[in-house]
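In what follows, a structure is listed as structure tokens, so that the remarks can point back to it.
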Amino acid sequence: MPEIHTTLKLPAPDEILLNRIENVMSAVRLLHPLLDLLEQGKADEQSGAAGDLTEILKSLYTTTVASAAMVQEINARTQSMAQEIRAIREALRIPIE
7 MPEIHTTLKL PAPDEILLNR IENVMSAVRL LHPLLDLLEQ GKADEQSGAA GDLTEILKSL
67 YTTTVASAAM VQEINARTQS MAQEIRAIRE ALRIPIE
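What the sequence shown shows, in this note's numbering, is residues 7 to 103, in sequence order.
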């Protein structure tokens with residue numbers, strides 16, 4: 007019986023985290039004009055934009071932290087799966103009597 011080799015390539019955890027960080031940085035660049043409003047808002051406390059922007063930035067930070075935790079969890083699961091696959095491969099190489 008011929009052996010079938012199939013390789014499943016998952017993105018590296020670093021690639022996933024880098025993509026998430028790049029997405030957050032893109033969002034921050036888009037918010038740059040709002041950051042200027044935030045600076046103005048420090049002088050003028052009546053500006054509602056400053057409070058809104060603060061909430062948006064907190065949300066971005068929370069999302070980034072959650073994404074990093076998710077990448078770590080994926081990495082741990084990937085390592086566990088890789089160990090299980092190695093064990094199965096080794097078991098399949100043992101002749102069954």
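Cβ coordinates follow ideal geometry from the N, Cα and C atoms, glycine included.
No experiment lies behind these values; they were computed from the predicted model shown.
{"Asked": "Coil, strand or helix - residue 19 by DSSP", "Found": "helix"}
{"Asked": "Residue 27 versus residue 99: straight-line alpha-carbon distance, rounded", "Found": "42 Å"}
{"Asked": "Contact between the stretch 21-35 and the stretch 84-98 (3+ Cβ pairs under 8 Å)", "Found": "no"}
{"Asked": "Collapsed DSSP secondary structure at residue 37 in the structure displayed", "Found": "coil"}
{"Asked": "Residue 20 versus 92, 96 and 76, residue with shortest Cα-Cα distance", "Found": "76"}
{"Asked": "CB of residue 40 within 7 Å of CB of residue 66, strictly", "Found": "no"}
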